[in-house]
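In the working numbering, the protein residues as written are 11 to 242.
Next up, the structure:
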């Protein structure tokens with residue numbers, strides 16, 4: 011038979027050893043980060059578990075690309091274009107095997123957002139690339155992967171485009187270009203703001219070419235305007 015005092019002493023020793031062991035175990039901190047790869051939410055790109063490719067208006071200007079799709083083809087990885095309609099402003103854009111096309115009936119797998127507005131048309135999810143003037147773009151972000159945040163048919167990724175405004179892009183510029191096969195274009199942009207917080211931005215592009223083969227002429231007229239008011 012054990013002495014009750016001995017049992018009490020053994021229980022106290024066991025409890026002390028258990029408390030000492032539990033005190034020495036330190037679990038690492040678990041940090042849960044809800045990432046959302048939309049520009050404007052200040053999420054560091056290194057916290058997004060995918061290869062997000064970004065570019066600014068200065069990058070597009072230095073590339074001397076004809077339009078947004080041409081810049082993506084030149085500077086972004088895993089992107090190539092196919093001028094299936096014989097028009098440089100209406101190509102198929104392919105990214106990692108998924109397509110954003112202006113041609114109805116093509117299987118669409120990419121989403122396009124302009125200032126937070128989905129640009130895939132409701133009928134067929136087609137994308138009219140010629141509606142986005144290159145000179146209106148402030149920044150782009152190409153987000154790979156299927157993300158429900160960007161809505162239906164975002165199977166291969168989403169392209170998020172932010173446009174310029176008069177406060178961040180004041181001033182006026184005009185430029186023109188000429189090239190082979192009758193190619194010629196003139197492009198302008200103007201932005202400004204007032205002390206009252208009103209800001210405005212307008213840009214336009216007129217482009218034409220005869221094409222490198224018969225019956226492949228292109229004629230494009232683009233105009234983009236933006237007006238806003240900032241206050242307290």
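A virtual CB, placed ideally from N, CA and C, is assigned to each residue, including glycine.
None of the values given here were measured: they were computed from a predicted structure.
{"Asked": "Pairwise C-alpha distance: residue 159 and residue 82", "Found": "23 Å"}
{"Asked": "Delimiting residues of the beta strand (DSSP E) encompassing residue 229", "Found": "228 to 239"}
{"Asked": "Cut-off 7 Å between Cβ atoms - residues of its own chain near residue 78, not counting five sequence neighbours on either side", "Found": "139, 142, 144, 147"}
{"Asked": "Outcome for residue 231 when other beta-carbon atoms lying within 10 angstroms are tallied against a minimum of 16", "Found": "exposed"}
{"Asked": "Residue 89 burial status per 10 Å Cβ neighbour count (16 or more: buried)", "Found": "buried"}
{"Asked": "Given residue 64 as reference, the closest of 96, 85, 229, 80 once Cα atoms are compared", "Found": "85"}
{"Asked": "Nearest-angstrom Cα separation, counted from residue 240 out to residue 201", "Found": "15 Å"}
{"Asked": "Buried versus exposed call for residue 191 [16 or more other C-beta atoms within 10 Å across all chains shown]", "Found": "exposed"}
{"Asked": "For residue 168 and residue 68, the rounded distance between their alpha carbons", "Found": "22 Å"}
{"Asked": "Residues that residue 186 bridges to, as DSSP identifies them", "Found": "196"}
{"Asked": "Distance between residue 135 and residue 115 (C-alpha atoms, nearest Å)", "Found": "9 Å"}
{"Asked": "Cα-Cα separation between residue 224 and residue 215, rounded to whole angstroms", "Found": "24 Å"}
{"Asked": "Residue 177 (DSSP reduced to helix, strand or coil)", "Found": "coil"}
{"Asked": "Residue 71: CB within 7 Å of a non-hydrogen atom of the ligand GTP", "Found": "By its list of ligands, the structure shown contains no ligand whatsoever, and the ligand GTP lies outside what it can speak to."}
{"Asked": "Exposure label - residue 166; buried when at least 16 CB within 10 Å", "Found": "buried"}
{"Asked": "Spatial distance of residue 228 from residue 101 (CA atoms)", "Found": "13 Å"}
{"Asked": "Beta carbon of residue 194 nearer than 8 Å to that of residue 170", "Found": "no"}
{"Asked": "Closest Cα partner of residue 173 within the set 157, 213, 163", "Found": "213"}
{"Asked": "Check whether residue 122 and residue 105 have beta carbons under 8 Å apart", "Found": "no"}
{"Asked": "Burial state of residue 130, where buried means 16 or more other Cβ atoms lie within 10 Å", "Found": "buried"}
{"Asked": "Range of the contiguous alpha helix (DSSP H) that encloses residue 79", "Found": "78 to 85"}
{"Asked": "Closest residue to residue 242 among 109, 205, 220 (Cα-Cα distance)", "Found": "205"}
{"Asked": "Contact set for residue 243: own chain, Cβ-Cβ below 6 Å, skip 5 residues either direction", "Found": "The structure shown does not extend to residue 243, since the chain spans only 11 to 242, so no value can be given for it."}
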